[in-house]
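Residue numbers (this note's numbering): 242 to 668. Just so you know, even glycine gets a beta-carbon here, dropped at the ideal spot from N, CA and C. In what follows, a single structure is set out as C-alpha cells and then discussed.
Here it is as C-alpha cells:
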C-alpha cells in the first residue's frame, strides 16, 4: 500500500511539473505581444446594451419593474466605472411603439456614445428611458460592434435583456459568431432578467460564440454587481490576440513571431503556421479550440511541431467527450545549441493544429471553430534538472522514472521477504 501511494505521488508530481512548465509559456507569450518600448495599451471600451422593449414593464424584480431595476443598477454602475474605461450605452426597442415589424426591428440606437464617461450626462440619458417596443437583439449587437470599432483596445459588449430576439431570421447567435470571426477581440457577455428556457439558450449561445459569459439575474443587486464585475474586467490589462490565417501546407503557412494569435478552423481540418527557432532556444506553444456550437461527442485537438521536410519533432494532444467550452493542448521543443557558437541560422518549425470535431444535422460549420494559438521562444534549458532537456514531451523521462520506481520497489520488497523468511527459520 505504501509503495502504491508513493508511486501515485510521484506520478502526480510529474504531471504538476509538466503543467508548470507549460503555463509560463502562455504568460510569456502574452507579455511578448507588448514588448518594452511600445506605447501603453489603448483604453478599454465597453458598450452596455439595454433592452427597453415593452416586456420590461413586468414588475417581478424585488417588487418593481424590470426597467426600474435596470435603471437602478445602471446608476450604481456608472458611479463606479474605472477612470481608464471608455463606456457607452446602446438601447434596443426604446423608440418605436407600433406594430410594423420592419420598423420595430430597426429600433436600436446609441443612447450615450462610447468614450470618456460623463456620469451626469449618462445618468440623465438613462433616466429618460421607458419600456416601448420590439426586441431586435441581432441589429443591436451589430450596432454595438460598430460603436466599438477602431483601435486596438479591449472591447466588451454587455447585453441586458429579459427576452429572446423578436426579429428573426437575423439570428443573434449567428451575428455573434460573425463578430468573433472578425478577429477584433470583442467579447459579448449576456445577462438574462428572469429568463425563460428559450431566452436562456439564446443568450448562452451569444456569449459562448465570443468567449463571454451568461448570467441569469433575479435581483437588482445581483444585476448591479455583475455589470460592475464585467466593466472592471474590461479594465484589466490583457494581451490582444492578432488575427491570422493558417494554411493547409507548411510551404504557404504564415510566419509567426512570439505572441497570441486567433484563427478559425473548420471541423476535421488542420492548419499550419511557421515559427523560427535559433540554436539553443526552446519553442513553447499551445493551441485552444472553443466549442461555440453543438458538436458530436468524442473529439480531440492535436498540436504538432514538424520540420521543413515533414518529420514530426514533438506533439501534444487532448481528447474529450460530452459538452465543454474549450479544449487545449501544448508542446515544448528545445533546439540543441550549434557546434559553432557563431552559427545563428534559425530552424523553421511548422506548427500544425488539427481537430477531430464533427457536428450533427442542422449545425452550421461555417465559420469554423475559434482557435487561439500562444507562441513563445525562450532560451533553451542548460541544466540537466530541466525536464524538457530529458524529452518529457516524448514521454522518455516519465518512462524512465516509472522503470526506476519499479526497480527500487522490487528490491525493497525482496529484502523484506528475505528478512521475514530468515526470522521464521530462526523461530
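Close beta carbons around residue i, own chain, < 6 Å, minus the five adjacent residues each side
| i | result |
| --- | --- |
| residue 352 | 330, 332, 366 |
| residue 417 | 429, 447, 450, 451 |
| residue 529 | 567, 569, 613 |
| residue 436 | 457 |
| residue 485 | 495, 502, 504 |
| residue 535 | 604 |
| residue 665 | none |
| residue 304 | none |
| residue 345 | 337, 374, 375 |
Chain-order list of residues whose beta-carbon lies under 7 Å from that of residue i (same chain, five-residue window excluded)
| i | result |
| --- | --- |
| residue 597 | 509, 540, 541 |
| residue 490 | 513 |
| residue 640 | none |
| residue 322 | 328, 358, 472 |
Own chain residues within Cβ distance below 8 Å of residue i, not counting five before or after
| i | result |
| --- | --- |
| residue 467 | 432, 456, 458 |
| residue 427 | 386, 389, 396, 397, 398, 420, 421, 451 |
| residue 325 | 284, 285, 476 |
Environment of residue i [buried if 16+ CB atoms lie within 10 Å]
| i | result |
| --- | --- |
| residue 341 | exposed |
| residue 494 | buried |
| residue 662 | exposed |
| residue 350 | exposed |
| residue 434 | buried |
| residue 653 | exposed |
| residue 402 | buried |
| residue 617 | buried |
| residue 586 | exposed |
| residue 375 | buried |
| residue 360 | exposed |
| residue 573 | buried |
| residue 659 | exposed |
| residue 492 | exposed |
| residue 362 | exposed |
| residue 302 | buried |
| residue 548 | exposed |
| residue 410 | exposed |
| residue 400 | buried |
| residue 292 | buried |
Contact belief for residue i with residue j at Cβ below 8 Å, rounded distance in angstroms
| i | j | result |
| --- | --- | --- |
| residue 577 | residue 520 | 7 Å |
| residue 552 | residue 545 | With 8 Å as the limit, residue 552 and residue 545 do not qualify as a contact, their Cβ atoms being about 11 Å apart. |
| residue 592 | residue 526 | 6 Å |
| residue 469 | residue 290 | The Cβ separation is near 16 Å, so there is no contact. |
| residue 394 | residue 284 | 6 Å |
| residue 314 | residue 464 | 4 Å |
| residue 380 | residue 294 | Contact doesn't hold; Cβ gap of about 13 Å is too wide. |
| residue 649 | residue 506 | Contact doesn't hold; Cβ gap of about 46 Å is too wide. |
| residue 377 | residue 334 | 7 Å |
| residue 288 | residue 355 | 6 Å |
Cα-Cα separation between residue i and residue j, rounded to whole angstroms
| i | j | result |
| --- | --- | --- |
| residue 328 | residue 475 | 10 Å |
| residue 512 | residue 559 | 17 Å |
| residue 651 | residue 667 | 24 Å |
| residue 488 | residue 590 | 14 Å |
| residue 606 | residue 581 | 50 Å |
| residue 524 | residue 533 | 29 Å |
| residue 680 | residue 439 | This structure gives no information on residue 680, because the portion of the chain shown stretches from 242 to 668. |
| residue 602 | residue 412 | 18 Å |
| residue 343 | residue 337 | 11 Å |
| residue 408 | residue 347 | 9 Å |
| residue 309 | residue 369 | 12 Å |
| residue 483 | residue 621 | 26 Å |
| residue 454 | residue 443 | 12 Å |
| residue 538 | residue 531 | 15 Å |
| residue 298 | residue 364 | 20 Å |
| residue 517 | residue 497 | 8 Å |
| residue 404 | residue 415 | 17 Å |
| residue 383 | residue 615 | 29 Å |
| residue 445 | residue 306 | 24 Å |
**Message:** Threshold first: 4 residues or longer. Then list the alpha helix (DSSP H) segments lying entirely within the region 461-510, N to C.
**Reply:** 461-476
**Message:** Threshold first: 3 residues or longer. Then list the beta strand (DSSP E) segments lying entirely within the region 541-597, N to C.
**Reply:** 553-561, 567-575, 588-596
**Within the region 313-390, ranges of the beta strand (DSSP E) (whole runs, at least 3 residues)** = 327-333, 349-356
**Unbroken stretches of the alpha helix (DSSP H), 4 residues or longer, contained in the region 384-449** = 413-422
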